[in-house]
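Structure record follows, encoded as structure tokens.
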Amino acid sequence: MNGYEDSRLTLQRDGFVVLRQFLSPPELQELADLLDTYIRTTVPGLPDSSAFYHDRQRPETLKQMQHFQQAPTLTNYPLRPQWMEMATGLLGESAVSMGPEWFNKPPGVEHPTPPHQDNFYFKLSPPQVITAWLALDPTDEANGCLRYVPGSHQLGLRPHAATQVLGFSQGITDYRSDDADCEVAVALQPGDLAVHHGETIHLADANHSATRQRRAFAMVYRGVSAQLDGEAKQQHQDEVNRQHAGFGLQPRDA
Numbered sequence: 000m001n002g003y004e005d006s007r008l009t010l011q012r013d014g015f016v017v018l019r020q021f022l023s024p025p026e027l028q029e030l031a032d033l034l035d036t037y038i039r040t041t042v043p044g045l046p047d048s049s050a051f052y053h054d055r056q057r058p059e060t061l062k063q064m065q066h067f068q069q070a071p072t073l074t075n076y077p078l079r080p081q082w083m084e085m086a087t088g089l090l091g092e093s094a095v096s097m098g099p100e101w102f103n104k105p106p107g108v109e110h111p112t113p114p115h116q117d118n119f120y121f122k123l124s125p126p127q128v129i130t131a132w133l134a135l136d137p138t139d140e141a142n143g144c145l146r147y148v149p150g151s152h153q154l155g156l157r158p159h160a161a162t163q164v165l166g167f168s169q170g171i172t173d174y175r176s177d178d179a180d181c182e183v184a185v186a187l188q189p190g191d192l193a194v195h196h197g198e199t200i201h202l203a204d205a206n207h208s209a210t211r212q213r214r215a216f217a218m219v220y221r222g223v224s225a226q227l228d229g230e231a232k233q234q235h236q237d238e239v240n241r242q243h244a245g246f247g248l249q250p251r252d253a
């Protein structure tokens, strides 16, 4: 389907696939400029639950952004034809954008990402959902690249419980050494795209580098066959709200 058949088969087998140089340098620069402008002009006025910092008094520790309603160009970015074609090709059916997020691991900040499965948050059935993670910086094991457990998407959801990592409210509770032994570290260059299934276990180490950022722009797409379990989603959102309150965060609608 539209040139993505081999990549779709890899995604079905392994639970993730890497599309090298998905964006050209000019395309990547356009997105980087949009994000830089948003961070400079809009983020300082956002509620805490839309822009997460390690230390709110240090702007350079911005670690995650979501809810880009104030920036329609970013909100609508996943709808561009190049991206919708990719999502449709990898899902094997018409795709629906669930919106973008921005992630960072600032240099020298201890911030591992716990093992988790995205569909524990999404609550979609069947789990026809993918996350497309676009590298904005070179990422490797030194600065906290993505790590996947191949084939884990074929085994269903694992138990999750609350974590103390802001932005990743739930993590797998029974993650074992045999899981860790199977991890594959995925190094990326700017413009490379890592796409994973919604039930693929993934994680990332802290950024141990002294000066390097590890920024990414991620977009989530579901297939039209995937239906939301509204009750389960609301229960999850209630848990997230409680966790945010525990961190002392200002709610998004405040």
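Reading the sequence shown from the start, the letters are residues 0 to 253 in numbering that gives the first Met the number 0. Note that beta-carbon positions come from the ideal geometry of N, C-alpha and C, so glycine has one too.
How is the beta strand (DSSP E) around Thr130 delimited, first residue to last? Taking the sequence shown and counting its residues from 1, the one referred to as residue 130 is at position 131. Where Thr130 is concerned, the enclosing beta strand (DSSP E) stretches over 128-134.
Given 8 Å, three or more beta-carbon pairs between the stretch 145-163 and the stretch 46-56: Because the criterion of three Cβ pairs below 8 Å is not met, the stretch 145-163 and the stretch 46-56 do not touch.
Where does the unbroken beta strand (DSSP E) through Thr112 begin, and where does it stop? Looking up residue 112 in the sequence shown gives position 113. Note, Thr112: beta strand (DSSP E), 112-115.
Might you give, ordered along the chain, the residues of its own chain that have their beta carbon closer than 7 Å to the beta carbon of Gln212, omitting 5 neighbours on each side? For the purposes of this step, residue 212 is identified with residue 213 of the sequence shown, where counting begins at 1. Closer than 7 Å at the Cβ level, and outside the excluded window around Gln212, lie Asn103, Pro105, Pro106, Asp136.
Have a look at Leu145, His110, Gly98, Leu34 and flag the residue whose alpha-carbon is nearest the alpha-carbon of Trp82. On the sequence shown, residue 82 is found 83 positions in, with the first residue counted as 1. Residue Gly98 holds the alpha-carbon nearest to the alpha-carbon of Trp82 among Leu145, His110, Gly98, Leu34.
By how many angstroms is the C-alpha of Asp5 removed from the C-alpha of Phe246? Position 247 of the sequence shown holds residue 246. Position 6 of the sequence shown holds residue 5. Note that Phe246 has pLDDT 49, beneath the 50 cutoff, so the model's placement of it is unreliable and the number below is only indicative. Inter-residue distance for Phe246 and Asp5 is about 44 Å (C-alpha atoms, whole angstroms).
Around the C-beta of Val128, are 16 or more other C-beta atoms found within 10 angstroms, so that it is buried, or is it exposed? The count along the sequence shown starts at 1 and reaches residue 128 at position 129. Buried.
Compute the beta-carbon to beta-carbon distance between Cys144 and Ala186, rounded to the nearest angstrom, for a pair I have assumed lies under 8 Å. On the sequence shown, position 145 is the one that residue 144 refers to. On the sequence shown, position 187 is the one that residue 186 refers to. For Cys144 against Ala186, the beta-carbon gap comes to about 5 Å, under 8 Å, which counts as contact.
Apart from the five residues on each side of it in sequence, which residues of its chain come closer than 6 Å, Cβ to Cβ, to Leu22? The count along the sequence shown starts at 1 and reaches residue 22 at position 23. Result list for Leu22: Gly190, in chain order.
C-beta atoms of Pro114 and Ala225 nearer than 9 Å: In the sequence shown, residue 114 corresponds to position 115, counting from 1. In the sequence shown, residue 225 corresponds to position 226, counting from 1. Result no, Cβ atoms of Pro114 and Ala225 do not sit closer than 9 Å.
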